[in-house]
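The structure appears right after this line, and notes come after that.
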Amino acid sequence: MKLHEFQSKEILSKYGIPVPQGKVARTPSQAATAAFDLGGTIVVKAQIHAGGRGNAGGIKIVQTPGAAEQAAAAMLGKNLTTFQTGPKGVPVENVLIEEGIEIAKELYLGMVI
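Anchor point for the sequence shown: position 33 equals 28 in the numbering used here, and the numbering is continuous, going up by one each time.
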């Protein structure tokens, strides 16, 4: 089973593990609405099953709902190519609109069962 980041965070939150607030968007206008609702600094994250999204342009930090809408428009419906996807890339069907938070350390978690 492969879970997108937003799906994994929903599970973590259900069990009381703190995660940044976020909303899934499937259109640029949904991204703008989500960014408005969350307020402040926003992170727009392409939801694909591959690492390296940030280096490939699939993660953008923005300050306004309009900028979130533009970032989502640049990702949705396009193929995102990372070191894990192969040269054709993977289509972006959803973006995670998430509150920007101050971090001291960033960790990645993966699990294979």
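Heads up, the beta-carbon is just placed ideally off N, CA and C, and yes, glycines get one too.
Note that this is a predicted model, so its numbers are computed, not measured.
Rounded straight-line distance, which links the Cα of residue j to that of residue i
i, j, result
"Val87", "Gln79", "14 Å"
"His(-1)", "Ala62", "23 Å"
"Ser24", "Lys4", "23 Å"
"Gln42", "Asn89", "6 Å"
"Leu66", "Ile6", "In the sequence on display, residue 66 carries Ala and not Leu. For Ala66 and Ile6, the distance between alpha carbons rounds to 26 Å."
"Ala110", "Ile12", "Only positions -4 to 108 of the chain appear in the structure, and residue 110 is not among them; the question remains open."
"Met(-4)", "Ile108", "9 Å"
"Gly34", "Tyr10", "25 Å"
Selected residue, minimal CA-CA separation from residue i, among the options
i, options, result
"Ala51", "Gly34, Gly35, Lys73", "Lys73"
"Thr36", "Leu75, Arg21, Ile96", "Ile96"
"His44", "Thr76, Tyr10, Ile108", "Thr76"
"Ala26", "Ser8, Val57, Gly49, Ile108", "Val57"
"Leu91", "Asp32, Tyr10, Val38, Ala68", "Val38"
"Glu64", "Val19, Gly81, Tyr10, Lys(-3)", "Val19"
Cβ neighbour criterion (16 or more within 10 Å) applied to residue i
i, result
"Leu104", "exposed"
"Lys55", "buried"
"Gly17", "buried"
"Lys83", "exposed"
"Lys40", "buried"
"Val85", "buried"
"Ala30", "buried"
Contact under 8 Å by Cβ, residue i with residue j
i, j, result
"Pro15", "Glu93", "yes"
Nearest-angstrom Cβ-Cβ length linking residue i and residue j, presumed shorter than 8 Å
i, j, result
"Gly47", "Met70", "That pair is no contact at about 14 Å."
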